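Below you'll find the structure, written out as structure tokens, and then a few comments.
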């Protein structure tokens with residue numbers, strides 16, 4: 025297992041996890057979110073299955089909410 | 344539910360950057376008690392531009408879901424804000440995240456300087472505007488009613504400057520009409536008044552200054568009946584625009600009779 029920080033909280037994942045598998049395990053629709061991985065924004069959702077996660081990585085999963 | 348307008352009195356479209364909008368009222372999507380009510384209010388407002396915020400997904404599903412469940416991005420122009428950002432770097436990060444969502448490269452840029460008043464940090468705002476314009480963003484900059492900052496934002500490449508009527512969420516209406524008029528007179532880019540409009544008369548008075556549009560959120564969302572207030576705001580924005588284009592009569596300190604003074608009966 026590896027431990028990452030996802031949206032500010034520690035989370036354990038299997039080795040060889042990717043952004044796509046993380047979203048899958050969280051049941052998040054990739055089309056509705058934007059991912060920042062170690063402070064780098066993923067501009068292309070096709071990248072999600074290839075982007076591997078490592079121990080200590082920091083992932084932010086954000087979306088649009090109501091605001092003024 | 345419309346008001347019939349004489350032919351030829353329609354408004355020219357509002358042009359910002361490379362986009363044309365028919366509605367001069369832009370609305371926020373925060374603080375509604377339900378998404379159904381929000382959607383009815385937005386529809387009643389006639390707005391095409393709606394603002395949204397970028398926040399972390401709540402992985403425990405305690406908070407709201409993506410607003411895109413309710414808001415169809417093919418029907419509205421999504422304008423992402425950087426609300427809650429207190430530094431230029433933070434605002435730039437939020438703008439980049441919003442652009443990565445893939446809808447557009449526009450941002451309603453806010454760099455807040457103070458938690459109590461939510462007044463803008465104009466130095467940070469200018470810095471973030473320059474950086475984001477350099478990255479190809481279309482920046483609509485939320486600022487105070489200071490002419491010099493507005494001029495600097497225009498020079499920095501903002502596609503629109505958004506002075507406040509009064510502090511965010513205050514509902515105090517326009518505190519300095521002279522400053523708003525001065526900004527409108529001196530800028531070439533559209534001036535959209537953002538924040539502080541509390542009721543329809545506030546919106547009407549703002550539009551009577553000649554500004555190009557208004558963005559509001561709390562004025563509608565915090566009304567007892569947001570759908571009806573959205574309707575009132577739509578009519579008030581149109582009324583204020585018509586009044587501005589009509590050209591108001593001069594103010595006088597003396598009365599001038601409206602009826603003829605000749606032809607009166609002898610007493």
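Protein chains in written order, with the numbering used here: chain Z, 25 to 92; chain G, 344 to 610.
C-beta atoms are modelled at their ideal positions from N, C-alpha and C, and glycine is treated no differently.
Since we're looking at a predicted model, the values are computed, not measured.
Please state whether DSSP places residue 545 of chain G in a helix, a strand or coil.
helix
Spatial neighbours of residue 570 of chain G within its chain, please: CB distance less than 8 Å, with the 5 preceding and 5 following residues excluded, ordered by chain position.
380, 383, 384 and 387
Compute the distance between the beta-carbons of residue 512 of chain G and residue 90 of chain Z, then report whether it is under 7 Å.
no
Please return the same chain residues whose Cβ sits closer than 6 Å to the Cβ of residue 344 of chain G, not counting the five positions on each side in sequence.
Because the pLDDT at residue 344 of chain G is just 48, under 50, the model does not fix this residue reliably, and the point stays unresolved.
In chain order, what residues of the same chain lie with their CB nearer than 7 Å to the CB of residue 565 of chain G, ignoring the 5 residues before and after it?
374
Going by DSSP, name the residue or residues bridged to residue 369 of chain G.
G:558
Using a beta-carbon distance cut-off of less than 8 Å, what residues from the region 385-398 of chain G approach chain Z?
394, 395, 396, 397 and 398
From the DSSP output, in three-state form, read off residue 474 of chain G for me.
helix
Is DSSP giving residue 344 of chain G helix, strand or coil here?
Caution is warranted here: a pLDDT of 48 is assigned to residue 344 of chain G, below 50, making its placement in the model unreliable, and no coordinate value can be reported.
If you follow the beta strand (DSSP E) that residue 537 of chain G is in, where does it begin and where does it stop?
535-537
Looking at the secondary structure, which residues open and close the beta strand (DSSP E) in which residue 528 of chain G lies?
Element bounds for residue 528 of chain G: not the beta strand (DSSP E) but the alpha helix (DSSP H), 520-529.
Whose C-beta lies closer than 6 Å to the C-beta of residue 470 of chain G among residues of the same chain, with five residues either side of it excluded?
431
When DSSP labels each residue in this structure, what does residue 90 of chain Z get in the three-state scheme?
strand
Whether residue 537 of chain G touches residue 558 of chain G by CB criterion (7 Å)
yes
Locate the beta strand (DSSP E) running through residue 41 of chain Z, then write down its first and last residues.
Segment: none, residue 41 of chain Z is in no beta strand (DSSP E) and carries neither H nor E.
Report the three-state DSSP secondary structure of residue 468 of chain G (helix, strand or coil).
helix
Name the one or two DSSP bridge partners that residue 505 of chain G has.
G:485
In terms of residue numbering, what span does the beta strand (DSSP E) encompassing residue 358 of chain G cover?
357-359
Contact check, residue 397 of chain G vs residue 422 of chain G, beta carbons under 7 Å:
no
Any contact of the region 411-430 of chain G with the region 451-470 of chain G, i.e. 3+ C-beta pairs under 8 Å?
yes
Compare the C-beta of residue 560 of chain G with all C-beta atoms of chain Z and state if any pair is closer than 7 Å.
yes
State yes or no: is the beta carbon of residue 43 of chain Z nearer than 7 Å to at least one beta carbon in chain G?
no
Would you report the Cα separation of residue 491 of chain G and residue 88 of chain Z, rounded to the nearest angstrom?
33 Å
How long is the line joining the alpha carbons of residue 561 of chain G and residue 51 of chain Z, rounded to whole angstroms?
33 Å
Applying a beta-carbon distance threshold of less than 7 Å, which residues of chain Z neighbour residue 590 of chain G?
Per Cβ cutoff of 7 Å: no residues; residue 590 of chain G is ~32 Å from chain Z at best.
Candidates G:368, G:501 and G:604: which alpha carbon is nearest residue 354 of chain G's?
G:368
Within 10 angstroms of its Cβ, does residue 576 of chain G collect 16 or more other Cβ (buried), or is it exposed?
buried
On the three-state DSSP scale, how would you describe residue 410 of chain G?
helix
Find the residues of chain Z that neighbour residue 381 of chain G, judging by a C-beta separation of less than 9 Å, and give them in chain order.
90
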